[in-house]
Structure formats: structure tokens, C-alpha cells
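>
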Amino acid sequence: MSSRQLVLLKIIVFISCLLPLAWLMYALLLDQLGANPIEVIIRRIGEWGLQLLLITLCMTPLRDVVQQPWPIQIRRMLGLFAFFYVCLHFVSYLWLEQFFDWPEIVRDIIKRPFITVGMLAVLGLLPLAFTSTRKAQRRLGKRWKRLHQLVYPVSVFAVVHFFWLVKADLLKPAIYSLCLLALLGYRIYKHRLTRSG
Amino acid sequence: MANDRQNKDTRFIEMTSILKSSKIPGGVKPSEITDKQVYLNRRKFMQATAGLALAPLFQQAQAGYGNKPLTYDKSRYKVEDELTDYKDVTTYNNFYEFGTDKYSPAQRAQALTIDPWSVTISGEVEKPGTYTLEDILKPHALEERIYRFRCVEGWSMVIPWVGITLGDLIKRFNPTSRAKFVKFTTLYRPSEMPGQKRRVLEWPYVEGLRMDEAMHPLSILAVGLYGEVLPKQNGAPLRLVVPWKYGFKSIKSIVNISFTEQQPVSSWQQSIPQEYGFYSNVNPEVDHPRWSQKRERRIGEFLKRKTLMFNGYEKEVAALYEGMDLRKYY
Ligand code: HEM
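One line per chain: the protein sequences are A and B, in this order. Here the first sequence stands for residues 4 to 200, numbered as in the numbering used here. Here the second sequence stands for residues 13 to 342, numbered as in the numbering used here.
#1: I want to check one thing, is the minimum distance from the CB of A:Ile108 to the heavy atoms of ligand 1 below 8 Å?
#2: On the CB-based measure, 16 or more other CB atoms within 10 Å of its CB, does B:Asn319 come out buried or exposed?
#3: Please determine whether the Cβ atom of B:Trp303 lies at a distance below 8 Å from any heavy atom of ligand 1.
#4: Cβ-heavy atom distance between A:Tyr96 and ligand 1 below 8 Å?
#5: Applying the criterion that 16 or more other CB atoms from any shown protein chain within 10 Å of the CB defines a buried residue, is A:Arg115 buried or exposed?
#6: Rounded C-beta distance between B:Gly179 and B:Val235? I'm assuming under 8 Å.
#7: Would you give the residue range spanned by the beta strand (DSSP E) that B:Glu156 belongs to?
#8: Hey, could you find the ends of the alpha helix (DSSP H) B:Lys327 is sitting in?
#9: Specify, as a first and last residue, the run of the beta strand (DSSP E) that B:Gly220 falls within.
#10: Output yes or no for whether 9 Å exceeds the beta carbon distance between A:Leu131 and A:Val163.
#11: I need the straight-line Cα distance from B:Val267 to B:Tyr200, nearest angstrom please.
#12: Compute the minimum distance between the beta carbon of A:Phe117 and the heavy atoms of ligand 1, and state whether it is under 8 Å.
#13: Indicate, with yes or no, if ligand 1 has a heavy atom lying under 8 Å from the CB of A:Ala124.
#14: Would you identify the three-state DSSP class for B:Ser130, choosing helix, strand or coil?
#15: Cutting at 7 Å between CB atoms, please list the residues of its own chain near B:Gln122, excluding the five before and the five after it.
#16: Just to confirm the assignment, what range does the alpha helix (DSSP H) spanning A:Leu53 have?
#17: Would you kindly report the start and end of the unbroken beta strand (DSSP E) that includes A:Trp147?
#18: Give me, in chain order, the residues of the same chain whose beta-carbon lies closer than 7 Å to that of A:Val125; leave out the 5 immediate sequence neighbours on both sides.
#19: Would you report the Cα separation of B:Arg222 and B:Asp337, rounded to the nearest angstrom?
#20: Pull up the distance between the alpha-carbon of B:Lys192 and that of A:Lys170, whole angstroms please.
#21: Looking at the C-beta of B:Ala73, does it have a partner C-beta in chain A at a distance below 9 Å?
#22: Quick one: what does DSSP say B:Val298 is sitting in, helix, strand or coil?
#23: Whose C-alpha, out of B:Glu136, B:Met205, B:Leu145 and B:Phe196, is nearest the C-alpha of B:Ser189?
#24: May I ask you to check if the CB of A:Arg47 is nearer than 8 Å to at least one heavy atom of ligand 1?
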């Protein structure tokens with residue numbers, strides 16, 4: 004891929020990642036989000052965060068398949084967009100769900116397992132976002148890779164978060180778990196191969 | 013431009029008022045209670061903000077409710093809160109028989125056959141049998157009841173139901189002295205209720221009340237809302253409404269009413285016993301194991317409001333539970 008093509012790809016990915024948000028704003032303004040728009044906002048944004056997290060995890064296997072560097076070259080942007088949506092999700096919770104009622108929020112985080120794991124996931128993403136720059140990557144050297152393996156437990160927490168919040172219908176979280184299982188399984192498989200080979 | 017929109021809106025309100033009033037032969041005109049809302053509600057505000065050519069589309073969808081109008085008496089029990097929009101009441105529904113998200117029932121329930129409909133009365137009762145819906149309703153006068161409706165998920169509405177007092181109906185069939193509970197069952201028809209093809213809950217859906225709860229004057233069987241026949245997604249043709257309990261107790265599309273000596277096990281209780289009890293009274297002090305019940309989002313409002321004990325019907329129903337530990341009997 005030429006550098007021009009890469010720039011083009013990055014622009015396309017950038018715009019694609021913003022499309023869901025644009026749709027949400029548009030639908031909100033036209034009151035197309037149904038009777039409980041706030042619920043839709045929190046849930047949709049949370050689901051996009053999870054989806055982007057999983058898409059980010061797809062980039063390594065994709066690189067191995069296409070045998071080209073471009074999936075890794077767009078990985079950081081995808082990861083940062085995942086973080087962006089998770090932050091929006093968290094802020095929607097703080098604002099639209101709790102109206103910044105801090106004592107209640109603290110109680111919620113301690114008392115409700117699904118919120119607790121969600122919080123752990125957000126905390127796990129923070130250092131990854133802060134060390135996403137090339138400079139940090141260079142400074143941390145080998146430790147950068149180790150640090151960024153945090154994304155695995157973070158994804159597990161995110162899926163558990165989804166499992167624990169649904170009332171009865173586990174279909175969606177089950178599908179996301181399967182995807183995550185495949186993505187993590189691929190890494191274990193590759194790790195074994197390189198070790199034994 | 014803004015002025016123009018305003019004119020249009022006023023015209024629209026007048027038009028619907030006329031439409032509505034000409035449709036209701038007797039009783040209250042829904043327009044009397046809805047006009048203020050039409051002005052103030054979120055939907056209008058949003059459209060005004062967007063100020064787009066698309067707006068007329070929504071207006072058409074809102075004009076007239078489209079179901080058969082009913083004749084009924086004015087409510088004796090009336091909440092003073094603003095009514096929830098008809099559109100919200102009829103598009104945001106938990107009715108797992110038509111899917112587990114809240115927007116599917118409004119679409120998928122339309123395929124349900126509700127005519128003919130019959131209800132079987134069984135168990136500890138002197139006049140058991142299968143009765144047509146007409147037989148069930150004939151001796152009773154319909155009455156409007158404007159109630160709060162609080163879902164266990166943390167949202168609420170105010171809905172003008174039309175129905176009959178459940179106690180009046182029960183008396184007609186003479187339950188025996190052994191009848192301690194009433195068990196209600198929803199229709200089981202996977203061909204028309206696609207949600208029943210997946211075992212998300214135990215089908216058919218079952219709910220129950222203690223006899224004194226069922227005989228309480230606030231408990232009704234609803235056949236309509238907003239002055240018209242009940243839309244299918246809201247539990248047509250016959251549903252329970254018990255306003256001081258979480259919404260899932262108010263079972264929809266009832267085909268069986270059975271009187272029992274043993275406490276029935278509800279579908280939610282059976283599926284997730286550690287989270288759902290038999291009583292399920294609205295109670296801000298007793299949290300759902302996974303979320304708080306202190307506050308609720310009234311549909312159409314932005315800020316949450318405090319949840320009231322027994323959903324605000326404490327004065328009327330607290331006596332039913334005197335001396336009971338409501339944490340234990342949740
Ligand atoms: C990596 C972090 C997180 C991810 C990927 C994530 C993802 C999700 C997903 C997928 C849903 C379900 C959407 C649906 O039902 O369709 C959800 C719901 C929700 N999340 Fe998160 N979440 C995260 C962190 C958090 C945190 C930190 C909080 C609060 C402190 C939170 C609060 C909520 C709430 C309140 C809901 C909605 C529950 C409901 O409507 O019943 N999430 N989230």
C-alpha cells in the first residue's frame with residue numbers, strides 16, 4: 004500500500020468511526036430515538052465502544068491474513084475511537100443516568116457488579132490511551148507491548164459488564180463473548196505456535 | 013419561519029381535537045386532557061428545534077389514535093401528573109412474546125388475532141367455564157383510570173386506562189373459600205407470538221395476585237387506553253393493571269384466570285427467582301439486586317424523579333401488607 008493509499012484509508016476509517024455518532028445526533032434532533040432517548044443513547048454508545056474494542060482486536064489476525072502492515076497502521080486510531088466511545092458512554096452515565104450525584108455514583112460503582120466491571124474496563128483503558136503516541140511507544144520500548152496487553156482483560160470486563168446488565172435475553176452478550184473468545188483464542192494459538200516452533 | 017411552524021402546530025392541535033371529540037360518543041374527550049401536553053411535550057419541542065420539512069410526517073402519524081373508540085365513565089381514581097404521550101405508551105413496550113427489545117412489540121404484535129377471544133375461568137370457583145370476551149365484559153360498565161405505571165427497569169408512565177374493576181368480575185364467578193390466589197395466564201401461540209419460539213422466559217407467561225390484592229378496588233382489567241380499544245402491543249384484548257406493583261405483574265393478553273389455594277409461581281419468579289418475587293410491589297427502599305429502585309425516569313422527562321412507595325398508592329394499599337417484611341417478600 005502506498006503512503007497515499009494509507010492516508011486515504013485512514014480518512015475513511017476516521018469518518019466511518021464518526022458516522023454512528025453523527026447518526027445518533029441526527030436521530031436525537033429529529034426525535035427518532037423513541038420514547039426513552041436517554042436509554043438508547045447510553046446503550047448504543049456502549050455497544051459501539053464494545054464493537055470498536057473488538058474490531059481493534061481483529062487487526063492483528065487481519066495483518067496475519069493479508070500479510071500487509073496496514074491493519075496495524077490503523078489499529079491505534081481504532082483503539083482510540085473505542086476509548087472515545089467508552090468515554091462518551093461513561094459521561095452519559097454520569098450525566099444522563101445519575102446527574103452527577105456523586106455519592107450515588109460511588110455507591111453504584113461499589114454495589115452493582117455490572118458497573119464495577121465497567122469501571123475496571125474504563126480504568127484499564129486509560130493508560131492505554133495515554134501511551135498511544137509514538138513517543139510513548141518509543142520511550143516504553145518492550146514494556147509498551149506488555150502494557151497494551153491490558154486490552155485483553157479490559158475486553159473481558161466489557162463483555163462481562165454486558166452479561167450482567169441484561170434482564171433475561173442473553174443472546175447479544177453471548178454473541179460478543181464468542182467473538183472475543185475467538186480473538187483471544189487466536190492469540191493463545193499463535194503464542195503456542197511461536198513457542199514450540 | 014418560526015411563526016409559520018407555530019401556526020401549523022396550532023392548526024394541527026385543533027384538527028386532532030375535532031377528530032378526537034367526534035370519535036368519542038360519550039364520556040371524556042381525550043382532547044381535554046391532552047391539549048396542554050401536545051404543546052409542552054418533548055416531541056414537539058424536538059421538532060421545533062429541528063424545524064425541518066420532515067415534521068409534517070410525524071404529525072400525520074400522531075393525528076387520531078386509529079383504534080375503535082370506547083364509551084366509558086370518567087375516572088374516580090385519577091393521578092394529577094401529566095399523561096404520557098399516546099405515541100410513547102404504544103411504542104415503548106415490554107412484551108417478550110413479541111421480542112425482548114421495547115420497540116418490537118409495536119410492530120410484531122399487529123399480526124396477533126384477538127377476535128375471537130375467549131377466557132377460561134377455572135380452579136376454586138363455582139362457575140368455571142370458557143367465556144367469550146363479550147360474556148366477560150357485558151355486565152360491567154367501562155371506567156377510565158388514570159394510573160402511574162412503574163416498570164421494574166426504572167422508567168414510568170402515566171396512562172389513562174379504560175377497563176373494569178377486577179373485583180367486580182371475580183365476584184360474578186363466585187370463588188370458593190379455598191381460593192386464596194388468582195393466577196393469570198397469557199395466550200401461548202408461537203405462530204403469532206414469535207418471541208415464544210425462544211425460551212427467554214417460561215411460556216406461557218404467568219402472573220398471580222393474592223385474593224385480597226385482586227379484590228382491591230385499584231386492580232382493574234383494562235380493555236382500552238386513551239379512550240380507545242387497547243392496541244395489541246399493550247396487551248389486547250384484555251390485560252391486568254395493578255398500579256402499585258412493577259409493570260411485569262400487569263399481565264397482558266389474558267386467556268386464563270384461575271383461582272388457587274397455593275401461591276402461583278410467576279414466569280419471572282421461575283426464571284430468575286433471586287431477582288423477582290411474587291409480590292413485586294414498587295418500593296424505593298428495596299433495590300433490584302442489580303440496580304437501584306430509588307428513582308425513575310418518567311418517559312418524556314429529562315431529570316429522574318423519586319420513586320414513591322407503592323408507586324404513590326401507599327394510602328390505598330399499605331394495609332394489605334401490614335406486618336410483612338417487604339425486603340423478604342419482594
Ligand atoms: C470499556 C468500558 C465499557 C464498555 C465497552 C461498555 C459497554 C456497554 C454495553 C455493550 C452496554 C449494553 C448496550 C445494550 O444493552 O445494547 C452497556 C450498558 C450500560 N453501561 Fe457500559 N460499558 C463500559 C463501561 C461502563 C461504565 C464505566 C459504566 C458506569 C460507570 C457503564 C454503565 C452502563 C449502563 C448504566 C448501561 C445501561 C444499562 C441499562 O440500560 O440497563 N458502562 N455498556
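Positions of the beta carbon are idealized from the N, C-alpha and C atoms, including for glycine. These numbers come from a predicted model, not from an experiment.
Quick look at the numbers:
#1: yes
#2: Per the sequence presented here, residue 319 of chain B reads as Thr, with Asn not at that position. That one is buried.
#3: yes
#4: yes
#5: buried
#6: Contact flag wrong, Cβ pair sits at about 16 Å.
#7: Glu155 to Arg162
#8: Glu326 to Val329
#9: Val218 to Arg222
#10: no
#11: 9 Å
#12: yes
#13: yes
#14: strand
#15: Lys244
#16: Pro40 to Val69
#17: Not the beta strand (DSSP E): A:Trp147 falls in the alpha helix (DSSP H), residues Lys145 to His151.
#18: Val89 and Phe93
#19: 16 Å
#20: 30 Å
#21: Because the pLDDT at B:Ala73 is just 41, under 50, the model does not fix this residue reliably, and the value given afterwards should be weighed accordingly. Answer no: the Cβ-Cβ gap between B:Ala73 and chain A never drops below 9 Å.
#22: coil
#23: B:Glu136
#24: yes
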